[in-house]
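One structure is given here, and the rest of the page talks about it.
In our numbering, the protein residues as written are 1 to 452.
Quick look at the structure:
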């Protein structure tokens, strides 16, 4: 009989897909992927990226969900149980610890950046009711980053929003949140895309993003596409493993829900490009490498000049805030689930708050690195960038590679076939060899490139 998680279960396949997509869709989808596509061969990059999703991202995603659904507990306890069940080394439990620590580190600085989006949403909300306009976006952004007290406030508010969801559990917290937040995210994105059509530059934006330029495709572009394919699906931090623990067995195919998450995540990233780049072209803005430079310095200039720009700005930064919120929930859940299992069901609120306070305190290092400690360098990086490097560039690829190797080589074949009973034998064999050889090798290349 199928086990039930003590933390609760998703009520349907759709709820899992919404939650997993919410975990995958983050700030990087909206402010990084569109620029990467436009600057690295357009449609050619998108095709390479989709190929990387197929041979690296999706196989590891399926593995994470499978491990979670069989174990039904937190990543640490799931891996401990599966290692025992498969008669293999107990050291594989390190994958769970690695994922939890990576999630805590990522949430610590991710919450700081997400606080910027809340701050800007607030600025545009005030403008809607007669507040001062953002006439000099560069100065506004610099002023925010130089003020540790304001950064700490928005960082703290974002952590409160995150812990408020996770503390309520799967059914009353996570599921209720994604039931509202993900449709809201899709609606805001579609409204922004529809507005982009009114600029008269949609054709140019589409060409900018999707016209294939194979001359730009080289080894470096392939590595960028592979890195993006890996990171965009929230792999290696055990978030998908944790969400998989709450996935019902009956009538739900792991490969199908995994493919749905991967395709929806990609669609959101491409739609974000169609929301942003018509404005970039219409107002002659400099994409500036995507990222914060485009979002906080360039786009507000367009919002000042366009009709209904204040409403657009509010919707846009609301979209960013929601994308960050759904991702942060999945970062906090694995550690919370582990503490609940260790100290009992009654401690979920205390467990979630304890991890949130730890992330908030660690986030103060990132806050101060933007101003008071801006001169402090670790390996030629500021503190925030160093934490991001350790977690994103080193721990996540290492975790993803170990998940692939554990599933491909150590996990009992009976468990795999039980969880993937609907997968044809030939496809199952291909998937397992992708995990055994291809995916670990390619992720290792990404890891070594980060260390170079």
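Don't be surprised by glycine CBs; every beta carbon is placed ideally from N, CA and C.
Between the CA atoms of residue j and residue i - distance to the nearest angstrom
i: residue 378; j: residue 195; result: 44 Å
i: residue 232; j: residue 301; result: 29 Å
i: residue 180; j: residue 186; result: 10 Å
i: residue 171; j: residue 12; result: 11 Å
i: residue 253; j: residue 382; result: 44 Å
i: residue 177; j: residue 97; result: 26 Å
i: residue 190; j: residue 81; result: 44 Å
i: residue 182; j: residue 215; result: 37 Å
i: residue 168; j: residue 370; result: 33 Å
i: residue 270; j: residue 49; result: 12 Å
i: residue 296; j: residue 445; result: 33 Å
i: residue 349; j: residue 427; result: 42 Å
i: residue 184; j: residue 175; result: 14 Å
i: residue 323; j: residue 21; result: 10 Å
i: residue 220; j: residue 58; result: 21 Å
i: residue 403; j: residue 438; result: 13 Å
i: residue 164; j: residue 157; result: 11 Å
i: residue 306; j: residue 316; result: 14 Å
Assumed close pair residue i, residue j - CB separation to whole angstroms, cut-off 8 Å
i: residue 23; j: residue 243; result: 7 Å
i: residue 405; j: residue 447; result: Wrong, their Cβ atoms sit about 13 Å apart, outside the cutoff.
i: residue 103; j: residue 239; result: 7 Å
i: residue 329; j: residue 117; result: Not confirmed; about 15 Å, so no contact.
i: residue 416; j: residue 56; result: Wrong, their Cβ atoms sit about 19 Å apart, outside the cutoff.
Enclosing alpha helix (DSSP H) for residue i [first to last residue]
i: residue 272; result: 254 to 282
i: residue 39; result: 33 to 39
i: residue 43; result: 43 to 52
i: residue 304; result: 299 to 305
i: residue 85; result: 75 to 85
i: residue 246; result: No alpha helix (DSSP H) contains residue 246, which DSSP labels as neither H nor E.
i: residue 126; result: 94 to 128
i: residue 350; result: 348 to 369
i: residue 60; result: 58 to 71
i: residue 414; result: 413 to 419
i: residue 342; result: 309 to 343
i: residue 399; result: 396 to 405
i: residue 423; result: It is not in any alpha helix (DSSP H) - residue 423 carries neither H nor E in the DSSP assignment.
i: residue 204; result: 202 to 210
i: residue 155; result: 148 to 166
Residue i classed as buried or exposed, judged by whether at least 16 other C-beta atoms fall within 10 angstroms
i: residue 308; result: exposed
i: residue 218; result: exposed
i: residue 255; result: buried
i: residue 114; result: buried
i: residue 16; result: buried
i: residue 422; result: exposed
i: residue 376; result: exposed
i: residue 224; result: buried
i: residue 229; result: buried
i: residue 265; result: buried
i: residue 211; result: exposed
i: residue 318; result: buried
i: residue 132; result: exposed
i: residue 75; result: buried
i: residue 32; result: buried
Per DSSP, cross-strand counterpart(s) of residue i
i: residue 381; result: 378
is_contact[residue i, chain B] using C-beta, thresh 8 Å
i: residue 317; result: Absent here is chain B; the protein component of the structure consists of one chain.
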